[in-house]
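Step one of this worksheet: look at the structure below.
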Amino acid sequence: MGIDFIIAAIITVVGLTTPILLAGLGELVVEKSGVLNLGVEGMMLVGAISGFAVTVYTFNPWFGVLGAAAGGALASLLFAVLVLQLNSNQVATGLALTIFGTGISSLMGLSFTGRIVVPFLSVFPESLAKHEYLQLIFGYSPIVYFALIMVPLTTWFLKSTRAGLILRAVGENDLSAHSIGYSVIKVRYAAIAFGGAMAGIGGCYFSMVITPMWAEKMTAGRGWIALALVVFAGWRTGRLLAGAYFFGILMALELYAKASGFSFLPSQFWAAMPYAMTVVALSFISSRGTAGANAPACLGKPFLPST
Amino acid sequence: MRIKLEKRREPSLAMLVATPIASVILTMLIGIVVFDLLGIKGFKAVVDIFLSPLLASYKWQDVALKAAPLIIIALGLSMGNRAQVWNIGAEGQYVIGALCSAGMGIAFGQTGGFLVVLLMIAAGIVGGGLWAAVPAWLRTKYNVNEILSSLMLTYVSFQVLGYLVGGPWKDPNGRNFPATAPLADAQTLPVWPESTVHLGVLVALILPIVFWVIMARSEFGYQVRVVGSSATAARHGGFDSKRTIWATMIIGGAMAGLAGGLEFLGVLHKIDLGFASGYGFTAIIVAFLGRLNPFGCLIAGIVLAVTYVGGQMAQTSVHIPNSTAGIFQAMMLFFILASDILVRYRIRVIPSAKAAGV
Amino acid sequence: MTMISRRTLFKGAGAATLATLASPALADDKVKVGFIFLGPIGDYGWTWAHNKGREAIEAELGDKVETIYVENVAEDASAIPVLRDLAQQGCKLIFTTSYGYMDQTLQVAGEFPDVKFEHCTGFKRADNVSTYNSKFHEGRAVLGTIAGKMSTSGVLGYLGSYKVPEVVLGVNAFALAAQKQNPAAVVKLVLIDSWFDPPKEAAATETLINLGCDIVTTHTDSPGPLQILEQKGLHGFGQGADMSAFAPNAHLTAIEDIWGPYYVERTKALLDGSWASTDTWDGFKEGTVMIAPYSKDVPADVVALADGVQAGYKDGSYDIFTGPIYDQDGTLKVKEGEVMALGDLAVIDWFVKGVESAS
């Protein structure tokens with residue numbers, strides 16, 4: 088096992104991790120504001136087709152990413168109106184958003200099947216991006232760096248800015264935040280839209296970077312993993328990053344185990360591994376009580392002032 | 176002027192009934208407009224999706240077969256949802272239930288008959304219940320969010336299925352395709368003469384009554400409702416919310432397992448890689464569309480089955496893509512969730528101070 | 428294996444009666460031919476190829492025949508009402524284009540004895556149910572020949588879906604053909620437990636590349652793996668259809684599934700009344716398997732070898748499953764000079780020597 092081998096393996100892991108990291112970060116902010124949006128998978132799919140479509144028409148992947156963010160945010164607003172304005176059940180509305188996103192993305196994608204775009208890869212000069220060792224640092228799509236930058240940025244936003252403080256206050260105790268004059272609804276709208284935009288960008292990583300094409304249901308359940316990550320991380324950004332890579336490594340491990348011919352266990356064992364390990368890890372983290380302590384107190388509950 | 180919401184003391188029964196109907200009608204109307212904009216014959220598409228399966232009598236058995244598992248699973252899930260227990264892994268419990276039924280059948284070889292069939296169904300119920308007991312255990316013991324654990328276990332269940340049908344349970348006469356051997360006739364469910372409607376459909380018609388009695392009339396049903404409305408209230412009432420989590424999770428899993436077993440014994444007669452077909456996920460919509468009410472689930476299950484069967488008919492008649500059925504289902508759910516507020520609140524328009532001339 | 432119980436026949440008769448009552452005879456004098464597809468017709472793979480076959484019927488017999496199709500039909504009980512629906516709409520011939528429709532096809536065929544059915548890749552037949560399949564493995568032998576000759580590492584990647592005979596055959600044909608060019612060639616196999624999961628297919632391709640494979644062939648349905656190979660500057664093959672549009676440089680060639688001639692032939696047989704239940708397993712010779720145009724990266728000598736394999740299949744002088752063949756453990760499975768019978772190929776569940784796999 089040479090250094091090249093490890094570098095290539097890391098690059099695969101980064102590819103597997105980036106979309107769930109992006110969507111997970113967005114969802115973390117949403118949940119910090121006290122809202123549970125289970126529609127991540129649907130928003131990712133809408134982001135995937137929006138980003139792809141915009142790139143096809145503008146030939147510019149940067150616009151594509153913006154399009155994906157807009158698509159994801161737009162989809163999330165559907166959810167926001169229902170849960171914030173009409174106080175609908177968040178779990179059910181989130182699920183409906185996933186079903187809706189799956190359907191609408193296939194419908195939007197009908198005229199895009201079979202088309203391709205130039206993959207949105209590293210913007211660094213080839214001498215760096217394809218360099219034997221330096222590709223470990225320079226060889227990624229801009230979306231990867233964006234995801235990594237968003238981790239400390241989100242931490243900083245939540246911990247050190249006034250807006251972040253208000254957002255957390257709204258998530259912890261919406262009624263008192265309301266009573267001291269913050270608009271709970273507006274804050275949650277913003278958080279949900281941010282979550283949607285991040286899920287959208289995560290989704291377009293599939294359609295613009297990994298396999299630059301559109302295919303129905305191409306996110307293949309990664310949105311659910313992003314949701315699991317948030318709980319797994321105990322609503323902490325640093326742990327979310329670690330959790331995302333933990334999951335990425337497990338997914339890569341399945342493939343490496345199979346390709347290396349580890350035949351002492353049935354192949355299904357390796358395929359079930361990431362999911363089973365997530366449950367195990369969730370148990371460890373949740374049982375230590377830290378997760379519960381960190382969970383926003385108002386998570387999933389409708390905001391009902393004056394009643 | 177502004178709009179003010181006033182909480183109703185009792186949920187409005189009229190709205191409870193009217194809003195789901197309005198949701199379906201609104202979905203149909205929007206469907207007509209949207210399809211026309213997309214250049215598809217909107218009226219024909221909507222008629223095909225929502226009405227044709229009901230009008231053509233030969234389609235009724237297809238609707239019944241599709242509705243039965245949806246209703247059975249939704250009944251179990253809605254009980255959990257009433258208690259604020261969110262089991263979204265019914266798909267996995269459905270798969271494990273069917274596998275347990277199959278395992279029991281294999282244990283009896285070619286022997287069939289009433290008792291064996293009953294045992295096979297019981298195995299499905301137990302299997303589904305046990306698979307759901309894992310998230311219940313993790314939730315009560317380690318405080319693990321059951322939404323995520325039940326979903327992750329669904330992915331695990333698919334691999335269990337893949338292992339069993341491709342390995343130990345592979346049909347020796349199946350040319351090495353991963354699938355169990357077809358059931359002996361004596362191990363299948365009785366079928367209504369001259370149709371494909373099996374006994375499971377009858378089960379789906381009877382169970383809503385059972386669930387209604389439990390929820391409305393029993394101590395347990397009361398407990399579920401109290402725990403669901405507020406954990407504090409439950410504690411004051413001396414109810415153990417952990418026990419409710421256990422019970423509702425396992426009942427939800429058991430119903431999904433039952434549905435899986437019935438589908439296996441009544442329709443498919445074998446398990447292959449395509450066995451899981453999304454009933455467990457769709458049933459979540461059914462539960463909400465039916466407002467978590469047992470009879471609501473019955474009607475909602477039929478409505479969704481109609482859109483499935485109709486969606487496929489519309490594919491051949493107006494060539495709409497398969498995905499549109501999903502959009503319709505989501506739209507119905509959106510409307511019903513949105514209109515939920517009308518059930519619990521009265522909407523009052525309050526004239527602004529200036530307009531009122533103060 | 429074909430079992431139609433009395434009960435099935437009985438209820439079938441009932442359903443058929445209902446059907447005649449419910450749908451009045453259609454005035455349309457064109458004969459209707461129906462199709463059910465597993466994926467969307469835009470998948471650029473399996474379903475796309477079958478749809479091309481359907482279009483061939485329209486092109487050749489369009490004045491006498493009308494085709495109807497339903498896409499995205501799951502391989503579960505829900506295929507039954509779809510099939511029934513097609514029969515009730517007046518289809519006289521129905522093609523069910525995926526293995527998972529086998530029992531459903533048999534069941535509905537029992538209910539509609541006047542309708543002919545054609546089930547793809549299955550093995551259960553009835554008086555009104557034929558089966559047909561393609562010798563995809565013949566195409567795999569061509570790909571293996573090219574890969575064995577062109578690979579510099581001697582390590583080849585094979586990305587598959589499930590361990591089913593079709594995939595096992597493909598892997599074995601590919602490996603054996605590669606070993607003819609390079610006796611030391613090994614094939615690393617990853618089965619991803621899905622026919623379609625682009626991100627997983629992509630990651631699996633990267634994994635195979637990292638484990639030393641310089642050519643990766645796919646037996647899953649998306650062009651995703653080819654796009655990864657394109658990015659890495661390596662080579663691979665299209666699956667089911669010419670996928671060069673997705674990866675102009677990586678795409679060496681592709682196995683094309685050509686269903687048109689068979690579909691036209693069977694429709695003609697229906698029209699002139701000569702349709703009878705058969706089992707068809709066609710390959711290069713009949714034109715069901717074809718090789719897409721080679722890319723400029725395939726050297727002339729390799730083209731000659733690949734064409735030789737095709738020609739050998741056409742005149743019967745070549746069969747990749749000719750002994751000696753050893754399995755993964757080194758046990759002799761096919762003796763020198765013997766050729767595996769089609770019946771054995773259809774149920775194969777072991778990999779040949781040189782295949783590295785997890786199961």
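Chains Y, U and W, in that order, are what the protein sequence lines are. Residues 88 to 394 in this note's numbering are what the first sequence lists, from first letter to last. Residues 176 to 533 in this note's numbering are what the second sequence lists, from first letter to last. Residues 428 to 786 in this note's numbering are what the third sequence lists, from first letter to last. Don't be surprised by glycine CBs; every beta carbon is placed ideally from N, CA and C. Nothing here was measured: the structure is a model prediction, and the numbers come from that model.
Item checked: Presumed contact (8 Å Cβ cut-off) between ILE230 (chain Y) and PHE207 (chain Y), rounded CB distance -> 7 Å
Check: Going along chain W in order, which residues have a C-beta closer than 9 Å to the C-beta of SER163 (chain Y)?
Finding: Chain W residues near SER163 (chain Y): none, gap ~22 Å exceeds 9 Å.
Item checked: Cα-Cα separation, SER450 (chain W) to HIS546 (chain W) -> For SER450 (chain W), the pLDDT reaches just 41, beneath the cut-off of 50, and the residue's location in the model is therefore unreliable, although a value from the coordinates is still provided. Roughly 25 Å between the two C-alpha positions.
Notebook entry, point to check: Mind checking GLY134 (chain Y): buried by the 16 CB within 10 Å criterion, or exposed?
Noted result: With 16 or more Cβ atoms within 10 Å of its Cβ, GLY134 (chain Y) is classed as buried.
Note to self: Is there a Cβ of chain A sitting closer than 8 Å to that of PHE187 (chain Y), yes or no?
What the structure shows: Given the protein chain composition of this structure (Y, U and W), no chain A is represented.
Notebook entry, point to check: Nearest chain U C-beta to TYR332 (chain Y) closer than 8 Å, yes or no?
Noted result: no
Notebook entry, point to check: Is LYS182 (chain U) buried or exposed, if buried means 16 or more other CB atoms sit within 10 Å of its CB?
Noted result: exposed
Next item on the list: Closer than 7 Å by C-beta to PRO186 (chain U): which residues in its own chain qualify, once you throw out the five before and the five after it? Chain order, please.
Entry: VAL518 and ARG519
Note to self: For LEU336 (chain U), would you say it is in contact with chain W, using Cβ-to-Cβ distances shorter than 8 Å as the test?
What the structure shows: no
Check: Shortest alpha-carbon distance to THR490 (chain W) belongs to which of W:VAL497, W:TYR559 and W:GLU482?
Finding: What sits at residue 490 (chain W) in the sequence shown is Asp, not Thr. If we check each option's Cα against that of ASP490 (chain W), W:GLU482 comes out closest.
Checklist line | Under 9 Å from the C-beta of SER276 (chain U): neighbouring residues of chain Y | finding: Going along chain Y, no residue has its Cβ under 9 Å from SER276 (chain U), so there is no contact; the nearest lies around 20 Å.
Next item on the list: Could you check if VAL270 (chain U) is buried or exposed, using at least 16 other CB atoms within 10 Å of its CB as the buried criterion?
Entry: buried
Checklist line | Interface residues of the segment 480 to 501 of chain W facing chain U [CB-CB below 7 Å] | finding: Answer set for the segment 480 to 501 of chain W: ILE495, VAL497, GLU498, ASN499 and ALA501.
Check: Any idea if ARG249 (chain Y) is buried or exposed, counting beta-carbon neighbours within 10 angstroms, 16 or more meaning buried?
Finding: ARG249 (chain Y) should be labelled exposed.
Checklist line | Proximity test, Cβ basis, 8 Å: VAL319 (chain U) and chain Y | finding: yes
Checklist line | Min CB distance ALA265 (chain U) to chain W below 8 Å | finding: no
Checklist line | ASN563 (chain U) classed as buried or exposed, judged by whether at least 16 other C-beta atoms fall within 10 angstroms | finding: Lying outside 176 to 533, the shown extent of chain U, residue 563 (chain U) is not represented and no answer is given.
Checklist line | Residues of its chain near PHE283 (chain U), where Cβ-Cβ distance is below 7 Å and the 5 sequence neighbours each way are ignored | finding: Closer than 7 Å at Cβ, skipping near neighbours: VAL291.
Note to self: Just to confirm the assignment, what range does the beta strand (DSSP E) spanning LEU586 (chain W) have?
What the structure shows: 582 to 587
Margin query: With the cut-off set at 8 Å, would you say ALA280 (chain Y) and ALA110 (chain Y) are in Cβ contact?
Written below: no
Next item on the list: May I have the straight-line CA-CA distance separating ILE507 (chain W) from ARG521 (chain U), to the nearest angstrom?
Entry: 47 Å
Check: Going by beta carbon distance, what residues of the same chain come within less than 6 Å of PHE210 (chain U), once the five residues before and after it are set aside?
Finding: GLY217 and ALA220
Notebook entry, point to check: DSSP beta-bridge partners for GLU545 (chain W)?
Noted result: W:PHE522 and W:SER557
Item checked: Interface residues of chain U facing LEU169 (chain Y) [CB-CB closer than 7 Å] -> PHE509, LEU512 and ALA513
Margin query: Suppose the cutoff is 6 Å on Cβ atoms and the five residues either side in sequence are ignored; what does the same chain contact list for ALA452 (chain W) look like?
Written below: Unreliable placement is indicated for ALA452 (chain W), whose pLDDT of 42 sits below 50; no coordinate value is reported for it.
Checklist line | Of the residues U:VAL388, U:ILE248, U:LEU229 and U:VAL199, the one placed nearest GLY453 (chain U), counting alpha carbons only | finding: U:ILE248
Notebook entry, point to check: Can you list the residues of chain Y that ALA311 (chain U) reaches, using a CB-CB cut of under 9 Å?
Noted result: What ALA311 (chain U) touches in chain Y: nothing, since even the nearest Cβ is about 13 Å away.
Next item on the list: Could you spell out where the alpha helix (DSSP H) holding TRP306 (chain U) opens and where it closes?
Entry: 289 to 317
Next item on the list: Since I believe ILE619 (chain W) is in contact with ALA629 (chain W) (beta carbons under 8 Å), could you give me their beta-carbon distance rounded to a whole number of angstroms?
Entry: So it is not a contact: roughly 10 Å between Cβ atoms.
Next item on the list: Kindly provide the ranges of any alpha helix (DSSP H) runs that are 4 or more residues long and lie completely inside the segment 202 to 256 of chain Y, ordered along the chain.
Entry: Qualifying alpha helix (DSSP H) stretches, in chain order: 213 to 216, 222 to 225 and 229 to 247.
Check: Nearest to GLY465 (chain U) by alpha carbon, out of U:TRP235, U:ALA242 and U:SER227?
Finding: For GLY465 (chain U), the closest alpha carbon among the candidates U:TRP235, U:ALA242 and U:SER227 is that of U:ALA242.
Notebook entry, point to check: When burial is assigned at 16 or more other CB atoms within 10 Å of the CB, is THR145 (chain Y) buried or exposed?
Noted result: With fewer than 16 other Cβ atoms within 10 Å, it is exposed.
Next item on the list: Go ahead and pull the three-state DSSP assignment for GLY667 (chain W).
Entry: strand
Notebook entry, point to check: Anyone know if the C-beta pair for ALA155 (chain Y) and GLY138 (chain Y) falls short of 8 Å?
Noted result: With respect to the 8 Å criterion, ALA155 (chain Y) and GLY138 (chain Y) are classified as neighbours on the basis of their beta carbons.
Margin query: Please return the same chain residues whose Cβ sits closer than 8 Å to the Cβ of VAL636 (chain W), not counting the five positions on each side in sequence.
Written below: The sequence given here places Ile at residue 636 (chain W); Val does not occur at that position. Excluding residues within five positions, the ones whose Cβ falls inside 8 Å are GLY584, VAL643, ILE655, LEU656, LYS659 and LEU661.
Notebook entry, point to check: Between the Cα of MET390 (chain U) and the Cα atoms of U:THR423, U:PHE289 and U:ASP447, which residue gives the shortest distance?
Noted result: U:THR423
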